[in-house]
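Read through the structure below, which is laid out as structure tokens, and then see the notes.
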Amino acid sequence: MTLKVYNSLTRQKEIFKPIEEGKVKMYVCGPTVYNYIHIGNARPAVAFDTVRRYLEYIGYDVLYVSNFTDVDDRLINASKERGESVLDIAERFIGAYKEDVHALHVKEADIHPRATETMDEIILFIERLIEKGYAYESGGDVYFRTKRFNGYGKLSQQSIDELKVGARIEIGEHKEDPLDFTLWKTAKPGEIKWESPWGEGRPGWHIECSAMVEKYLGNTIDIHAGGQDLAFPHHENEIAQSEALHDETMANYWMHNGYIRINNEKMSKSLGNVILVHDLVRQYDPNVVRFFIQTVHYRHPINFSDDLLKGAEQAFDRLRTTYNNLLHRLEVSADLLDAETTDAYKETIAELKARFIKEMDDDFNTANAISVLFDAAKEANKVMQADNSSRDLLQRFIDLFDELTGVLGFELKQAVLLDEEIEQLIERREAARKTRDFQTADSIRDALKEKGIVLEDTPQGVRWKRALVNE
RNA sequence: GGCGGCAUAGCCAAGUGGUAAGGCACGGGUCUGCAAAACCCUUAUCCCCCGGUUCGAAUCCGGGUGCCGCCUCCA
25 MTLKVYNSLT RQKEIFKPIE EGKVKMYVCG PTVYNYIHIG NARPAVAFDT VRRYLEYIGY
85 DVLYVSNFTD VDDRLINASK ERGESVLDIA ERFIGAYKED VHALHVKEAD IHPRATETMD
145 EIILFIERLI EKGYAYESGG DVYFRTKRFN GYGKLSQQSI DELKVGARIE IGEHKEDPLD
205 FTLWKTAKPG EIKWESPWGE GRPGWHIECS AMVEKYLGNT IDIHAGGQDL AFPHHENEIA
265 QSEALHDETM ANYWMHNGYI RINNEKMSKS LGNVILVHDL VRQYDPNVVR FFIQTVHYRH
325 PINFSDDLLK GAEQAFDRLR TTYNNLLHRL EVSADLLDAE TTDAYKETIA ELKARFIKEM
385 DDDFNTANAI SVLFDAAKEA NKVMQADNSS RDLLQRFIDL FDELTGVLGF ELKQAVLLDE
445 EIEQLIERRE AARKTRDFQT ADSIRDALKE KGIVLEDTPQ GVRWKRALVN E
């Protein structure tokens, strides 16, 4: 089994080979924390969390770093508008970010550096770029001398000449060339600022990532990831800064996730269709949201709409039902299956797992990996269909689901808590059924359905499950 | 203008040279007191269109059409 990763830099799938055997150093561009995150922020968080989980699953020791941009123009604007300090706003939305991605089962990064806490390294980075002639101070600002860096545009396939056409110098900027970009920006009166060799100011947007990658991961890392829209100019500029300074490749693999659309339109503030994770996870089970995101390959665009999410909810429920039926059967079943059939299923389980790995090895094809889960559900259901199952086999299917959904980051187990009142209703219904008083039994079943509890009468006894939230 | 992506059944979505995964929805059957869940069967002679390469293409090449994105803040 060989893991292949699509590398945005070379535009092809490549065999994954870490710098250091058994270890992966990855950096994922995080959010600017001036607001609650929307699903556009959630997609990379989920996609690359799955990349991380899979890498760990196949035995790598992953060092995962993801930044918080806690000072920039948008934060400064928000600060002015709300009369709240930049740092307070950042602090609040970092908290909100963690809460939101936690709901989506995104594992916490090993290191979550903040721009404001990396200021020394940022300034040092810029000083060294100036020393090497790749940057210059001008009017209190510092700019990167873009044309000096050979290979500018290699990530986004842009040529310097073409880029020049669209580039321009804003009023108040003091660039030598329109393509140059800001490394350090002089503070205007009243703005948050830091001392530097070039006066009081703040870093440009791109430099923090270069400085953080160097500080926490080194000159060359394995994977650098983010949204497709970051490829240009953000990642392009990161490459220019880091590679100009180090004369070494910044990242061996660049990964970019596709865009999000809402009802087939671009998600944007002007269209007023921005979906906040905060709201979405209250409308849908976060497991369903995470499942849904992964039914589409991470590099492809994904469309969000109520119909699609409801469809995902239905699909997800199939897996959840099977899984919880397995748990139920394990409680009530005896070992009855013959050894030959049991062995055949063991073989099947091994094959399913191998297929899952094969799909994930192919550039993290979660859509196909999920289809393996459905096939596993079908096999598990067959085992349960034959009303003589084997506890060992049931447990193996449960383990399989636990293992594979653990990689994809969602849970199939439903909460087992039931009100005493509901327990009693179920018992009363059972009693009624025994006396063939189906009228009473059915009315209790209807009443429970009203409460969101769906009953299933199986040969092994009654099972209950929660009804879908959005029907 | 430059760069890039996408187009597969009613819907969602994999597949990128060997004869169309998976899910939702639909229909038939089995099971059930009735349901629910589940299982079995059925569901694209065909992958936007037109040419070409090939023994063979949804997959490669050329030309169209449509949709979308980046080039400015953006995940």
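In short: position in the first sequence from 1, add 24, done, that's the numbering used here. Built from N, CA and C at the ideal position, the CB exists for glycine as well. Note that this is a predicted model, so its numbers are computed, not measured.
query: Does the beta-carbon of D367 have 16 or more other beta-carbons within 10 angstroms, so that it is buried, or is it exposed?; result: exposed
query: Would you list the one or two residues that DSSP bridges to G250?; result: H280
query: Any heavy atom of the ligand MN within a distance shorter than 8 angstroms of the CB on M143?; result: What this structure holds is no ligand at all, so the ligand MN is not there to describe.
query: Roughly how far, in whole angstroms, is the beta-carbon of Q252 from the beta-carbon of H230, given that I think they are within contact range, below 8 angstroms?; result: That belief does not hold up - the Cβ atoms of Q252 and H230 are roughly 17 angstroms apart, past 8 angstroms.
query: For the alpha helix (DSSP H) containing R487, list its first residue and its last residue.; result: Note, R487: premise wrong, no alpha helix (DSSP H); beta strand (DSSP E) at 485 to 490.
query: Okay, do the region 289 to 307 and the region 39 to 53 touch, 3+ Cβ pairs below 8 angstroms being the bar?; result: no
query: Which two residues bound the contiguous beta strand (DSSP E) that contains S90?; result: 85 to 90
query: Where does Y30 sit, in a helix, a strand or coil, going by DSSP?; result: strand
query: Apart from the five residues just before and just after N287, which ones in its own chain have a Cβ nearer than 8 angstroms to its Cβ?; result: N297, N327, F328, S329
query: When we look at the beta-carbon of D185 and count the other beta-carbons within 10 Å, is it buried (16 or more) or exposed?; result: exposed
query: What ranges does the alpha helix (DSSP H) occupy inside the region 311 to 367, keeping only unbroken runs of at least 4 residues that lie completely in it?; result: 330 to 356
query: Skipping 5 residues on each side, what residues in its chain have a beta carbon closer than 8 angstroms to that of L449?; result: I468, A471, L472
query: Among P137, K28, I422, M236, which one has its Cα closest to the Cα of F92?; result: P137
query: Return the CA-CA distance between D134 and Y240, expressed in angstroms with no decimal places.; result: 10 angstroms
query: Bridge partners of S162, per DSSP?; result: D165
query: In three-state terms, what does DSSP make of K475?; result: coil
query: Could you tell me if F462 is buried or exposed, where buried requires 16 or more neighbouring beta carbons within 10 angstroms of its beta carbon?; result: exposed
query: Which residue comes first and which comes last in the alpha helix (DSSP H) that contains G430?; result: 415 to 432
query: Here's a check: name, in chain order, each residue in its chain whose Cβ is nearer than 7 angstroms to the Cβ of I247, leaving out the five neighbours to either side.; result: V48, M50, A275, Y277, M279
query: Check whether the region 62 to 82 touches the region 220 to 229, counting contact only when three or more Cβ pairs, one atom from each stretch, lie closer than 8 angstroms.; result: no
query: Could you pull out every residue in the same chain whose Cβ sits closer than 6 angstroms to the Cβ of F173, ignoring the five residues on either side in sequence?; result: A264, A268
query: Between the alpha carbons of A114 and I216, how many angstroms are there, rounded?; result: 13 angstroms
query: Beta-carbon within less than 8 angstroms of L254's beta-carbon, same chain only, minus the 5 sequence neighbours each way: which residues are those?; result: C53, H280
query: Between F117 and the rest of its own chain, which residues show a CB-CB distance below 6 angstroms, the 5 nearest in sequence each way excluded?; result: V57
query: With DSSP collapsed to three states, give me the class of R460.; result: coil
query: For H136, which three-state DSSP category applies?; result: coil
query: Measuring CB to CB, does A127 end up less than 9 angstroms from V356?; result: no
query: Residues in the same chain with beta-carbon distance under 7 angstroms from S220, minus the five sequence neighbours each way, listed in chain order, please.; result: I147, W208
query: Looking at L432: is its Cβ nearer than 9 angstroms to the Cβ of I394?; result: yes
query: I need the straight-line Cα distance from K489 to S90, nearest angstrom please.; result: 38 angstroms
query: Quick one: using the 10 Å Cβ neighbour count with 16 as the cut-off for buried, is E44 buried or exposed?; result: exposed
query: Ends of the alpha helix (DSSP H) at G119?; result: 110 to 127
query: With burial defined as no fewer than 16 other Cβ atoms inside 10 Å of the residue's Cβ, what is the status of P509: buried or exposed?; result: Outside the modelled stretch of the chain, which goes from 25 to 495, sits residue 509, for which no answer is possible.
query: Does the count of Cβ pairs from the region 346 to 355 and the region 400 to 420 closer than 8 angstroms reach three?; result: yes
query: Please list the terminal residues of the continuous alpha helix (DSSP H) segment that includes G64.; result: 63 to 81
query: Could you check if Q318 is buried or exposed, using at least 16 other CB atoms within 10 Å of its CB as the buried criterion?; result: buried
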